[in-house]
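Worksheet: the structure to be examined is printed underneath.
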Amino acid sequence: MSNLPPSPPFVPAKPSGETVTLTEDATGKSFKMNMINGSVGPKVIDISKLYAETGHFTFDPGFTSTGSCESKITFIDGEKGILLHRGYAIEDLATKSDFMEVAFLLQHGELPTAPQKTEFVKHITYHTMVHEQLMKFYSGFRRDAHPMAVMTGVVGALSAFYHDSLDINDPVQREISMHRLIAKMPTIAAMAYKYSVGQPFVYPKNELSYTENFLNMTFSVPAEPYKINPILAKAMDRIFILHADHEQNASTSTVRLAGSSGANPFACIASGIASLWGAAHGGANEAVLTMLAEIGSVANIPNCIARAKDKSDNFRLMGFGHRVYKNFDPRATIMRQTCHEVLSDLGVKDPLLDIAMELEKIALQDDYFVTRKLYPNVDFYSGIILRAMGFPTKMFTPLFALARTTGWVAHWAEMLSDPTQKIGRPRQLYTGAPQRSFVALASRK
Ligand code: CMC
1 MSNLPPSPPF VPAKPSGETV TLTEDATGKS FKMNMINGSV GPKVIDISKL YAETGHFTFD
61 PGFTSTGSCE SKITFIDGEK GILLHRGYAI EDLATKSDFM EVAFLLQHGE LPTAPQKTEF
121 VKHITYHTMV HEQLMKFYSG FRRDAHPMAV MTGVVGALSA FYHDSLDIND PVQREISMHR
181 LIAKMPTIAA MAYKYSVGQP FVYPKNELSY TENFLNMTFS VPAEPYKINP ILAKAMDRIF
241 ILHADHEQNA STSTVRLAGS SGANPFACIA SGIASLWGAA HGGANEAVLT MLAEIGSVAN
301 IPNCIARAKD KSDNFRLMGF GHRVYKNFDP RATIMRQTCH EVLSDLGVKD PLLDIAMELE
361 KIALQDDYFV TRKLYPNVDF YSGIILRAMG FPTKMFTPLF ALARTTGWVA HWAEMLSDPT
421 QKIGRPRQLY TGAPQRSFVA LASRK
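Under the numbering used here, the first residue of the sequence shown carries the number 1, and numbering increases by one thereafter.
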């Protein structure tokens, strides 16, 4: 076991004493439900005994009103544009901290002391290499495979390599698997990139920081020395912080649901990567760049806006809108500023940035977007920075996955430490055929 503090014990919240009564109009029967107060944010109504006591389920497709779990990791106030990790504002973390500290914070609940940070970074650094045989998996993929496909497969395969950290009931093994996942993601992502461009894999270097190491494994080649640009390393680290966690989004909920059955952590994170890939979630950063390139020039923006508003066209303005943020996405504000800083530091003039800025301006004045509270989200600007850094579009979502792994493992560990944890098993509203008699093949019409 390391000298790091154990993951915090999970003490579930208690009912506040307030209640809500639900009355069935047809029968007049009523059912009293407890309220539970969060430390901040809306109160919740505890419906966990609803079915047992009334025989009814609730119906909430997309979980727009349903809390799937209790968590102490991340808080979002979508109306006010607030994002807190363990109580710390994302603006402070992005500008005053670094990604390793944020990873520690998510997992352990507190910012590390200096010795704790040194110890944590050492553990991560010494787990960055992957088993040599794992490298053979890459050659099984087509060179043009999407790196998210490669990452889903390779991360899932980790469970076939690290048998000594699969016991989820052993806190030591849990910690090692979390360190392994955080540490190996940059190596796995960089290898996916190297494989796609036909260059040799680059081994991790322990003298580099987490972020520098990732840049080195991605962009260096054996033929010549590679000098890490400190501006890029800082921007990359900030991008990682901004993507580290975002409470119960689709991929995190996927990780929790997968883990609720007792699945091993590598399998759970692979399921999170698969969920993240979708264009409505992490895949949006790639989709934004594709969209900006398709728009091609500022003159074509009105047509793009008209398409986004046309309900008979399923085109959406990628990088706009968010399930939770209905004012602004605080990550987007920092990302926008970072984007301008990076482009000016690097002296890059990107015509896609001009299109993005004009698109943002026009959309923010348009009644359709204003009334629906659709604002640029974190992915709107990240692609432009990543492109300026030299990442191909297909690598954008793998970078998101790399960063989000810190949040995923923190949620996975928190779920396992919750004494009320059960296998996730949503119910449904069934509207298919009721029971009917089987018809033999010869009699079917
Ligand atoms: N372009 C055009 N119309 C939109 C957009 C958009 N990007 N987003 C939402 N709408 C409209 C939607 O058509 C609906 O209109 P109406 O009320 O007339 O039917 C209304 O706004 C509400 O949309 P919704 O689909 O009910 O909202 P949601 O909370 O289910 O979806 C979203 C949230 C992020 C999936 C959606 O806004 C979207 O598809 N955005 C584009 C993809 C994107 O940028 N995703 C990245 C999210 S941030 C990173 C992450 O969390 O992974």
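Don't be surprised by glycine CBs; every beta carbon is placed ideally from N, CA and C.
Residue 364 CB to nearest heavy atom of the ligand CMC below 7 Å: Locating residue 364 in the sequence shown gives position 364, where the first residue counts as 1. Result no, Cβ not under 7 Å from the ligand CMC.
Residue burial classification, residue 144 (beta-carbon count within 10 angstroms, cutoff 16): Within the sequence shown, the letter at position 144 stands for residue 144. Burial call: exposed.
Contiguous alpha helix (DSSP H) assignments of at least 4 residues, all confined to the region 203-267: 210-219, 230-242, 250-260
Residue of 83, 213, 80, 73 minimising C-alpha distance to residue 127: Counting from one through the sequence shown, the residue named residue 127 turns up at place 127. Minimum Cα distance to residue 127 is reached at 213.
Inter-residue spacing [alpha-carbon to alpha-carbon] between residue 125 and residue 409: Your numbering for residue 125 matches position 125 in the sequence shown. Your numbering for residue 409 matches position 409 in the sequence shown. Residue 125 and residue 409: Cα-Cα distance of roughly 17 Å.
Simplified DSSP state of residue 279, which is helix, strand or coil: Locating residue 279 in the sequence shown gives position 279, where the first residue counts as 1. Three-state result, residue 279: coil.
Classification of residue 255 by the beta-carbon crowding that lies within 10 angstroms, buried from 16 upward: Taking the sequence shown and counting its residues from 1, the one referred to as residue 255 is at position 255. Looking at its Cβ environment, which holds 16 or more other Cβ atoms inside 10 Å, residue 255 is buried.
Three CB pairs or more closer than 8 Å across the region 163-182 and the region 409-419: yes
Short Cβ contact (8 Å threshold) for residue 89 with residue 238: By one-based count along the sequence shown, residue 89 stands at place 89. By one-based count along the sequence shown, residue 238 stands at place 238. Cβ atoms of residue 89 and residue 238: not closer than 8 Å.
Cβ-based burial, residue 23 [other Cβ within 10 Å; buried from 16]: Within the sequence shown, numbered from 1, the residue matching residue 23 stands at position 23. So residue 23 ends up on the exposed side.
Residue 382, buried or exposed, once every other Cβ within 10 Å from all chains shown has been counted against 16: Counted from its first residue, the sequence shown places residue 382 at position 382. Per the 10 Å Cβ criterion, buried.
Opening and closing residue of the alpha helix (DSSP H) in which residue 46 lies: What you label residue 46 is simply residue 46 of the sequence shown in a count that begins at 1. It is not in any alpha helix (DSSP H) - residue 46 carries neither H nor E in the DSSP assignment.
Helix, strand or coil at residue 80 according to DSSP, with G and I counted as helix: Here the question's residue 80 lines up with position 80 in the sequence shown. Three-state DSSP puts residue 80 in coil, outside helix and strand.
Same chain only: Cβ atoms within 7 Å of residue 101, ignoring 5 sequence neighbours per side: Here residue 101 refers to the residue found at position 101 of the sequence shown. Sequence-distant partners of residue 101 (beyond 5 residues in either direction) whose C-beta falls short of 7 Å from its own C-beta, in its chain, are 111, 112, 117.
Spatially closest choice to residue 201 from 207, 215, 210, 46, by CA coordinates: The residue you call residue 201 lines up with position 201 of the sequence shown. Minimum Cα distance to residue 201 is reached at 215.
Any non-hydrogen atom of the ligand CMC within 7 Å of residue 402 CB: Against the sequence shown, residue 402 aligns to sequence position 402. Because no heavy atom of the ligand CMC lies under 7 Å away, the Cβ of residue 402 does not count as near it: no.
Near the ligand GDP: residue 274 beta-carbon under 7 Å from a heavy atom: As for the ligand GDP, it is missing from this structure, which binds only the ligand CMC.
Rounded C-alpha distance that separates residue 284 from residue 380: Within the sequence shown, residue 284 is the residue found at index 284, counting from 1. Within the sequence shown, residue 380 is the residue found at index 380, counting from 1. Spanning the two alpha carbons is a distance of roughly 8 Å.
Residue environment, residue 224, which counts as buried when at least 16 other CB atoms sit within 10 Å: As a first step, residue 224 is located in the sequence shown; it is residue number 224 there, counting from the start. With fewer than 16 other Cβ atoms from the protein chains shown falling within 10 Å of its own Cβ, residue 224 counts as exposed.
For residue 297, the residue or residues it bridges with in DSSP: Locating residue 297 in the sequence shown gives position 297, counting from the first residue. Bridge partners of residue 297: none, in fact.
Closest residue to residue 207 among 54, 250, 231, 121 (Cα-Cα distance): Mapped onto the sequence shown, residue 207 falls at position 207. When only C-alpha atoms are compared, the closest one is 121.
Three-state secondary structure assigned by DSSP to residue 33: The residue you call residue 33 lines up with position 33 of the sequence shown. DSSP places residue 33 in strand when its eight states are reduced to three.
C-alpha distance - residue 361 paired with residue 376, whole-angstrom precision: Locating residue 361 in the sequence shown gives position 361, where the first residue counts as 1. Locating residue 376 in the sequence shown gives position 376, where the first residue counts as 1. Roughly 10 Å separates the two Cα atoms.
Coil, strand or helix - residue 162 by DSSP: Here the question's residue 162 lines up with position 162 in the sequence shown. In the structure shown, residue 162 sits in coil (DSSP, three-state: anything other than H, G, I, E or B).
Three-way DSSP call (helix, strand, coil) for residue 320 in this model: By one-based count along the sequence shown, residue 320 stands at place 320. Strand, per DSSP.
Interface flag, residue 322 vs chain C, CB-CB below 8 Å: The chain labelled as chain C is not found in the depicted structure, where only one protein chain is given.
Residue interval of the beta strand (DSSP E) (run including residue 22): Taking the sequence shown and counting its residues from 1, one reaches residue 22 at position 22. 15-23 is the extent of the beta strand (DSSP E) around residue 22.
For residue 336, the nearest candidate out of 220, 319, 374, 156 (CA to CA): Walking along the sequence shown from the start, residue 336 turns up at place 336. Nearest C-alpha to residue 336: 319.
Close Cβ partners of residue 108 (< 6 Å) along its chain, the five nearest in sequence each way excluded: Within the sequence shown, the letter at position 108 stands for residue 108. Cβ within range, chain order: 5.
Uninterrupted alpha helix (DSSP H) stretches inside the region 362-408 (no shorter than 4 residues): 367-371, 378-389
Any non-hydrogen atom of the ligand CMC closer than 7 Å to residue 378 Cβ: To locate residue 378, count along the sequence shown from 1; it is residue 378. Answer for residue 378: yes, Cβ within range of the ligand CMC.
Reference residue 185; option with closest CA among 407, 441, 434, 333: Taking the sequence shown and counting its residues from 1, the one referred to as residue 185 is at position 185. The shortest C-alpha separation from residue 185 is found at 407.
Residue closest to residue 189, alpha-carbon to alpha-carbon, out of 154, 236, 170: Residue numbering aside, residue 189 sits at position 189 when the sequence shown is read from its first letter. Of the candidates 154, 236, 170, the one whose C-alpha sits nearest the C-alpha of residue 189 is 154.
Residue nearest to residue 114 in terms of C-alpha spacing, selected from 129, 97, 130, 106: As a working note, residue 114 is residue 114 in the sequence shown. Residue 114 has its Cα closest to that of 97, out of 129, 97, 130, 106.
Residue nearest to residue 172 in terms of C-alpha spacing, selected from 442, 303, 123, 13: Locating residue 172 in the sequence shown gives position 172, counting from the first residue. When each option's Cα is compared against that of residue 172, the closest is 123.
Top-ranked residue by Cα proximity to residue 204, from 367, 369, 130, 162: To locate residue 204, count along the sequence shown from 1; it is residue 204. When each option's Cα is compared against that of residue 204, the closest is 130.
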